[in-house]
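Read through the structure below, which is laid out as structure tokens, and then see the notes.
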Amino acid sequence: MQPRKVIIDCDTGVDDAQALLLALRSPLVQVLGITTTSGNVHLDKVVRNTLIVVERSGKRVPVYPGSFRALLGAGGTAEEVHGRDGLGGTGYPDPQIQAEPEHAVDFLVRTFVNSSEPVDLITLAPLTNIALAIQKDRRFEQSVRSITMMAGGIRAGNTTPAAEFNVWADPEAADLVFRSQIPVKTMVALDPNSDSGMIYEEDVEKLEAAPFPWCEMTSRLMRQSLDRWKEFTGQSRPAMPPDLTAMGVALRPDLVQSAEMLNVVVETAGVHTRGMTVCDRRTFRGIFRPVPEPNVNVVYTLDNPGYRQFVLETFLAG
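Written out as structure tokens, the structure is:
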């Protein structure tokens with residue numbers, strides 16, 4: 000089977016790095032390029048981190064610098080989670096490879112519009128680059144076969160009670176993408192990650208024992224998350240990297256156990272709910288009055304044993 004062609008948009012922090020390594024090591028996809036945007040840390044650090052990840056993967060994939068701020072110039076970073084460098088202060092040396100001179104948005108438009116084969120889009124970041132590509136060329140939306148997004152929350156947020164970070168950091172961009180004409184949109188929110196995206200201590204130990212640089216990086220970042228949680232709470236828990244969960248869905252959609260097509264809108268004006276992904280899950284929706292058509296496939300749960308097996312087999316294949 001020929002690998003699917005994909006482009007990944009990211010704001011490389013701790014969990015993005017793990018997700019990128021999974022995609023770069025997977026035989027299921029051919030990563031045509033990685034586009035970057037400010038998010039977890041500022042753009043210059045995101046680009047540096049992405050280049051480090053590409054080097055550690057043993058692959059050679061072009062990296063394109065993109066947006067350095069949200070559409071309306073607001074937003075913010077998540078350095079309190081990812082560290083000032085975005086990789087948890089793990090101290091990786093500067094990369095030897097360089098980013099491409101072409102802007103991420105130009106690369107996105109050029110590649111999708113001109114491709115003679117289907118290309119899928121995977122996003123792990125605020126959706127600024129994607130919104131700008133939609134605005135830049137009206138052909139872009141219909142040229143993207145599908146988009147799988149680590150975005151939003153069904154029950155709650157993480158940056159605010161209502162909003163997940165990627166949507167909170169640029170709600171206007173998310174709103175534009177969720178309302179777009181991209182044919183297939185899948186949202187992997189915080190909920191499936193915390194419900195069934197767990198990577199356990201025994202899995203991390205297997206990665207730590209492997210002799211490959213991508214396993215060293217992945218397990219080091221996972222171990223840091225495990226240790227940090229235990230230090231903060233005094234209790235142990237599995238690693239639950241949201242972007243790794245989303246990448247698992249993007250690479251292996253068959254791992255999804257439950258999902259539902261819903262109408263999802265992004266709140267851009269609420270005082271307490273700005274950046275919220277409002278999922279219409281009303282039991283009696285449509286019975287008493289017309290409701291908007293479903294626009295996003297919302298993932299609820301994964302096959303956790305299958306997901307863990309897929310992650311380990313991909314990384315340990317060498």
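For the sequence shown, numbering that gives the first Met the number 0 assigns the number 0 to the initial residue and increments by one for each residue that follows. Cβ atoms here follow ideal geometry from the backbone N, Cα and C, with glycine treated the same way.
Enumerate in chain order the residues of its own chain whose CB-to-CB distance from Gly-38 is below 6 Å, with the five nearest sequence positions on each side excluded.
Correct list, in chain order: Asp-10, Ala-124, Pro-125, Ala-168.
Cβ pair Leu-301, Thr-244 closer than 8 Å:
Yes.
Leu-23 at chain C interface by Cβ criterion, 8 Å:
Absence of chain C from the displayed structure is noted, only one protein chain being present.
So what does DSSP say about Asn-165, is it helix, strand or coil?
Helix at Asn-165.
Do Met-275 and Ala-150 have their C-beta atoms within less than 8 Å of each other?
No, the Cβ-Cβ distance between Met-275 and Ala-150 is not below 8 Å.
Count the other C-beta atoms from every protein chain shown that fall within 10 angstroms of the C-beta of Gln-141, then say buried if there are 16 or more, exposed otherwise.
By the C-beta density criterion, Gln-141 is exposed, having fewer than 16 other C-beta atoms within 10 angstroms.
Among the candidates Gly-152, Asp-119, Ile-129, whose CA atom is the shortest distance from the CA of Ser-145?
Closest by alpha carbon: Asp-119.
In its own chain, which residues sit with a C-beta less than 8 Å from the C-beta of Val-143, not counting the 5 before and 5 after it?
Within the same chain, Phe-111, Val-118, Asp-119, Leu-120, Ile-181, Pro-182 come within 8 Å of Val-143 by CB-CB distance, once the 5 residues on both sides are set aside.
Per DSSP, what kind of secondary structure is Thr-244 in: helix, strand or coil?
Helix at Thr-244.
Looking at Thr-89: is its Cβ nearer than 8 Å to the Cβ of His-41?
No, they are not a contact pair.
Taking Tyr-199 as the reference, which of Ala-22, Tyr-306, Ile-33, Gly-285 has the closest Cα?
Checking every option, the nearest Cα to that of Tyr-199 belongs to Tyr-306.
Under a three-way DSSP split, which group does Ser-56 fall into?
In the structure shown, Ser-56 adopts helical secondary structure according to DSSP, grouped into three states.
List the DSSP bridge partners of Tyr-63.
According to DSSP, which records beta bridges pairwise, Tyr-63 is partnered with Thr-34.
So, is His-271 buried or exposed, given that buried needs 16 or more other C-beta atoms within 10 angstroms?
The residue is exposed, with fewer than 16 neighbouring Cβ atoms inside 10 Å.
In the segment 162–209, which residue ranges form an unbroken beta strand (DSSP E) of at least 3 residues, counting only runs that do not cross its ends?
DSSP runs (the beta strand (DSSP E)) wholly in the segment 162–209: 183–187.
Have a look at Arg-47 and Val-62 and give me their C-alpha separation to the nearest angstrom.
Take the alpha-carbon of Arg-47 and the one of Val-62: they are about 10 Å apart.
Helix, strand or coil at Glu-99 [DSSP, three-state]
In the three-state reduction of the DSSP assignment, Glu-99 falls in the coil class, being assigned neither a helical nor a strand state.
Here's a check: name, in chain order, each residue in its chain whose Cβ is nearer than 6 Å to the Cβ of Arg-55, leaving out the five neighbours to either side.
So the list reads Pro-212, Trp-213, Met-216, once near-sequence residues are dropped.
Sequence-distant residues of its chain with Cβ nearer than 7 Å to Arg-219 (five each side left out):
Correct list, in chain order: Thr-89.
For the beta strand (DSSP E) containing Glu-292, list its first residue and its last residue.
Where Glu-292 is concerned, there is no enclosing beta strand (DSSP E), given that its DSSP letter is neither H nor E.
Taking DSSP's pairing of strands, which residues face Lys-4 in a bridge?
Gln-29, Val-118.
Using DSSP with H/G/I as helix, E/B as strand and the rest coil, what is Tyr-91?
Coil at Tyr-91, not helix or strand.
If you reduce the DSSP assignment to three classes, tell me which class Gln-308 lands in.
Helix.
Where the beta strand (DSSP E) through Leu-261 begins and ends:
DSSP places Leu-261 in the uninterrupted beta strand (DSSP E) bounded by 255–261.
Is Pro-237 buried or exposed, if buried means 16 or more other CB atoms sit within 10 Å of its CB?
Burial call: buried.
Beta-bridge partners of Val-277, as assigned by DSSP
In the DSSP assignment, the residues bridged to Val-277 are Val-264.
Would you identify the three-state DSSP class for Met-216, choosing helix, strand or coil?
Secondary structure at Met-216: helix, using DSSP grouped into helix, strand and coil.
Cβ-based neighbour list, Leu-131, same chain, cut-off 6 Å, excluding 5 preceding and 5 following
Excluding five sequence positions before and after Leu-131, the CB atoms of its chain that fall closer than 6 Å to its own CB belong to Val-104, given in chain order.
Using alpha carbons as the reference points, say which of Arg-59, Asn-157, Met-239 lies closest to Met-197.
Ranking the options by Cα distance to Met-197, first place goes to Met-239.
From Val-203 to Arg-251, what does the alpha carbon distance come to, in whole angstroms?
Each residue's Cα considered, the two are about 21 Å apart.
Quick check on DSSP: helix, strand or coil for Ile-51?
Note: Ile-51 maps to helix in three-state DSSP.
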